[in-house]
Structures are given as C-alpha cells and as structure tokens.
Amino acid sequence: MKKTPLNNAPGPENNRPELTVFEPDKSRTSVFCASGNGPYNNTRKALANIDLSPAKNKRVLLKPNIGRDAKPQTGIITNPQVVAAAIDAFKDAGAAVAVGESPITGVNMSQAFETSGIKSVAEEQNCPLLDMDVRQYVPVDITDGVAIKSLKLCREVTEYDIIVSIPVMKTHMHTGVTLSVKNMKGCLWRRSKVDLHMLPQLPEHQEKPLDIAIADMASVLRPHLSIIDGTIGMEGLGPSAGKPKTLDVVLVASDAFAADSIACELMGISAHDVPHLKIGAERGYGVIDLDKINVSPENWKDLKNPFEPPPIKLSVEFPGFTILDIQSCSACQSTLLMFLQRHAKQLRKNVSKDKNIIIAIGKGHEELPPGTLCIGNCTAKHKDCGIFVPGCPPVASEILREYFA
Ligand code: SF4
15 MKKTPLNNAP
25 GPENNRPELT
35 VFEPDKSRTS
45 VFCASGNGPY
55 NNTRKALANI
65 DLSPAKNKRV
75 LLKPNIGRDA
85 KPQTGIITNP
95 QVVAAAIDAF
105 KDAGAAVAVG
115 ESPITGVNMS
125 QAFETSGIKS
135 VAEEQNCPLL
145 DMDVRQYVPV
155 DITDGVAIKS
165 LKLCREVTEY
175 DIIVSIPVMK
185 THMHTGVTLS
195 VKNMKGCLWR
205 RSKVDLHMLP
215 QLPEHQEKPL
225 DIAIADMASV
235 LRPHLSIIDG
245 TIGMEGLGPS
255 AGKPKTLDVV
265 LVASDAFAAD
275 SIACELMGIS
285 AHDVPHLKIG
295 AERGYGVIDL
305 DKINVSPENW
315 KDLKNPFEPP
325 PIKLSVEFPG
335 FTILDIQSCS
345 ACQSTLLMFL
355 QRHAKQLRKN
365 VSKDKNIIIA
375 IGKGHEELPP
385 GTLCIGNCTA
395 KHKDCGIFVP
405 GCPPVASEIL
415 REYFA
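Numbered by the numbering used here, the letters in the sequence shown go through residues 15 to 419 in order.
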C-alpha cells in the first residue's frame, strides 16, 4: 500500500509545507479568537494574526463541515460567511483556493453546497467546489495506528499543498465534541467514514474504538490551519439533532488540537475529557494543555458560554423509548434522532404508558428483545424479532410507514 506523507514536510510528491507553517511563534502554540462582529469580520480579524504569505502560489483546500444538507442557522454546518472570509484571505495571500467536502452517507453534495449557502459564496468568488467522493480514493497506511492501520482518503487531500479545517462548534453524541480534528474525518472517502464506527472494542483499551481511530487518523491527517466557526454552534444532541447555540466567535490556530482545546473551554468542556483529543495530545500530535497555549485576546475567557452536553442515553431524552445502539454510524443516528423528534409522541400514543418502545440500530447486537423496531440494514439479521426498516441509511418516513403498517 502506498503511503502519502500528509504530515511530513515537505513531501516528495507535492509542494506541501510543514504543518507549523502558519504558527506565528514556533516556540509556543497560539490560538486567536475574534468575536462580536459577525462571521465574516470575525474570521478576517482572527486570520489577521496569521502570516498567510507561505500560501502564495500554493493550492489551498478549505474543508468546512457541510457533510449534511442543512442551513447555517441550524448550527449543523459551517457558516458560509466564515468560508467566504477564508477564501478571500487566502486569495489575498496569492493562493489558488478550493472548497471540498465528502458528505455523510445519503447526502447529495451539490444539494448540501446549495442549501448551506456555500455555493453562492463560492460562485461569487470564483472558487471551485469539490465533491471529494467523485474520484477514486488514495490508500494511506497508518504506521502508528492502534485501532486502524489504513484509510481511504479523498484524492484532493493528497494533492493540495495546504489543508484548512473549518468546523462548526458542536457537541457530539459519540465523540463529545466535533471540531477541527474530528472534522478531518470528512476527508475519508465515501462510506469508508462508517468503518470507524464499526470497530470492535480493543482489549486493554478503555476508550471507545471510534475515539482511538480518530486519534489514529490524526497521525496522518492534520490540517495546516484550523478556523473554528462558533457563529452558531450546536449543543445537546449534536452533531445534527441538538439546539443551535449562538456565540458569534471564530477561533484560528495552526495546531488543530490547541484550537479544539480552546473551543472546548468556551463550550464549558475540558479537552482532557474528550478522548480523541486526549489520546492525540498524549501521542504528541498537538497541544491541549491550557498553560502551554497562548490565547489572544487576554480576556478570551469572557467569551465562555457553556454548551449543554450530549445526553448519555437517548432514552432519557425521549422518555418511553429504549434505544439499543451498538456499533451504528452517524447516518443511522441522525435518521433516528430526526424521526424521534418528529414522531415520538405519535408512536407513544399507541403504546401503554408502562411499556417502552424498543428501537435498535447498529450491527453489534447479538440478540434483541421480541417486538424491537430494528432500523437499518445493519439490524437485518434480527428482522424476524420485530419490525424491520431496511435502508442504509434508512429513511425517516419509512420508519413511520413500517411501524404503522
Ligand atoms: S444501516 Fe445504519 S448503521 Fe448500518 S451502515 Fe447503514 S447507516 Fe450505518
């Protein structure tokens, strides 16, 4: 298998600068925050702290979080004005800029670009939009991988000189938060993203295999720059079914782990409690210790606005339901959350108060109680024990139809 030296600098196969090329103080990690002036101005102000001149004549790939078909007011996706500011800043620096994404299963990329508002921004600025799932993947070895030993990367990620991660600030049901480091998972080709959700528990490791796999991914796939969009983030049932949370803040840093650590602080979370960040930092992929990071402005902690954490159990969020989720992926989780938000009351009306409705998603179930509502192809082997809704991912309206059939 061919290894692409994504994080080695400079790589023999491309013109990729070293990962610290945008670090203003090589002796100490820096994070810059800007707030109160809207997504475009905040982004330009935060980026003004970084010398972008090394991007001159380079190809820059901006990787926002637009893996879902959603509008920016929902807090699900990156604000288009943050992307617009990043395009302008890198163009001003003399770079050739493109915006790329590989969406979650079942999402049409052109539609997501359009709904997000990023299509119109990119057209105005004559910036190419890339559906990174169109071309064949590049296999990449992960020499230091613990949970995974290889990845299928979208080809563009190996071809562009500079990669910029532009996540939106969100809590995440399975990974605590999704920020700059986790956003790079959207550079994995097509359905191979799902593989990280399907790993067996590793003996002698307490952490979930998904968290270890994200840290493994970060060993080969870290951005040169992180721009975290905290214009409208998401709290609670993130990454797609939580509540929008307005902060009007943007963070910029060369070290993705440091950027995520400060974003976590603003969200009222310690990065040390986010397993993929903790594991990655322990391996030396970045810095999360607050006392080792210079944050500007000095009063940055005034911007803190704690996010409601994701619920530990969905069945608490939706009383009267028992959700059995073993090794599902985010596509099934999103469908189920969307379905429950819309139809939970309707389902409960038909069931006596003392009885829970049992729903299963994911491929890891050995057996399920009789009467279980089995959602998604991963539960197909249990289809005779209750109601089975096929699909990968399944469709929310089909769940309702099958349930009342
Ligand atoms: S059935 Fe659901 S959990 Fe299984 S791979 Fe498809 S979307 Fe993911």
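Each residue gets a CB set at the ideal place from its N, CA and C atoms; glycine is no exception.
Buried or exposed: where does residue i fall if 16 or more other Cβ atoms within 10 Å of its Cβ makes it buried?
i, result
"residue 219", "exposed"
"residue 82", "buried"
"residue 373", "buried"
"residue 89", "buried"
"residue 16", "With a pLDDT of 45 at residue 16, under the threshold of 50, the modelled position of this residue cannot be trusted, and the question is left open."
"residue 69", "buried"
"residue 114", "buried"
"residue 94", "buried"
"residue 124", "exposed"
"residue 418", "exposed"
"residue 422", "Because residue 422 is not part of the residues shown, which for the chain are 15 to 419, the question remains open."
"residue 275", "buried"
"residue 390", "buried"
"residue 252", "buried"
"residue 356", "exposed"
"residue 394", "exposed"
"residue 368", "exposed"
"residue 259", "buried"
CB residue i to CB residue j, shorter than 8 Å?
i, j, result
"residue 227", "residue 161", "yes"
"residue 294", "residue 271", "yes"
"residue 244", "residue 146", "no"
"residue 116", "residue 47", "no"
"residue 8", "residue 197", "The requested residue 8 does not occur in the structure, where the chain is confined to residues 15 to 419."
"residue 288", "residue 278", "yes"
"residue 74", "residue 99", "no"
"residue 231", "residue 347", "no"
"residue 136", "residue 143", "yes"
"residue 262", "residue 130", "no"
"residue 307", "residue 57", "no"
"residue 185", "residue 333", "no"
"residue 371", "residue 339", "no"
Which value, in whole angstroms, describes the spacing of the CA atoms of residue i and residue j?
i, j, result
"residue 11", "residue 139", "Shown here, the chain extends from 15 to 419; a query on residue 11 therefore has no answer."
"residue 282", "residue 321", "6 Å"
"residue 343", "residue 299", "26 Å"
"residue 106", "residue 264", "19 Å"
"residue 173", "residue 67", "20 Å"
"residue 397", "residue 414", "16 Å"
"residue 59", "residue 87", "22 Å"
"residue 169", "residue 72", "17 Å"
"residue 387", "residue 399", "9 Å"
"residue 166", "residue 153", "5 Å"
"residue 119", "residue 39", "40 Å"
"residue 242", "residue 349", "26 Å"
"residue 362", "residue 121", "29 Å"
"residue 112", "residue 336", "44 Å"
"residue 193", "residue 405", "29 Å"
"residue 150", "residue 236", "21 Å"
"residue 76", "residue 163", "26 Å"
"residue 313", "residue 33", "28 Å"
"residue 256", "residue 330", "14 Å"
"residue 410", "residue 222", "28 Å"
"residue 180", "residue 407", "26 Å"
"residue 54", "residue 249", "22 Å"
"residue 292", "residue 305", "15 Å"
"residue 401", "residue 392", "14 Å"
"residue 22", "residue 155", "For residue 22, the predicted model reports a pLDDT of 47, less than 50, meaning its position is unreliable; a value from the coordinates is still stated below. In a straight line, the C-alpha of residue 22 is about 13 Å away from that of residue 155."
"residue 159", "residue 286", "20 Å"
"residue 91", "residue 37", "26 Å"
"residue 84", "residue 126", "7 Å"
"residue 30", "residue 204", "24 Å"
Across which residues does DSSP place residue i in a beta bridge pair?
i, result
"residue 374", "338 and 388"
"residue 192", "184"
"residue 257", "249"
"residue 88", "Residue 88 is not bridged to any residue."
"residue 114", "144"
"residue 243", "182 and 264"
"residue 224", "Answer by DSSP bridge pairing: none, since residue 224 is not bridged."
"residue 77", "179"
"residue 400", "386"
"residue 155", "164"
"residue 49", "263"
So residue i and residue j are in contact, right, with Cβ under 8 Å, and what is the actual spacing, rounded?
i, j, result
"residue 178", "residue 239", "5 Å"
"residue 269", "residue 301", "6 Å"
"residue 254", "residue 351", "7 Å"
"residue 132", "residue 97", "5 Å"
"residue 290", "residue 209", "Their Cβ separation, rounded to whole angstroms, is 16 Å, which puts residue 290 and residue 209 out of contact at 8 Å."
"residue 377", "residue 341", "5 Å"
"residue 45", "residue 273", "6 Å"
So with Cβ pairs under 8 Å, would you call residue i a contact of chain B?
i, result
"residue 154", "The chain inventory of the structure shown lacks chain B, comprising one protein chain alone."
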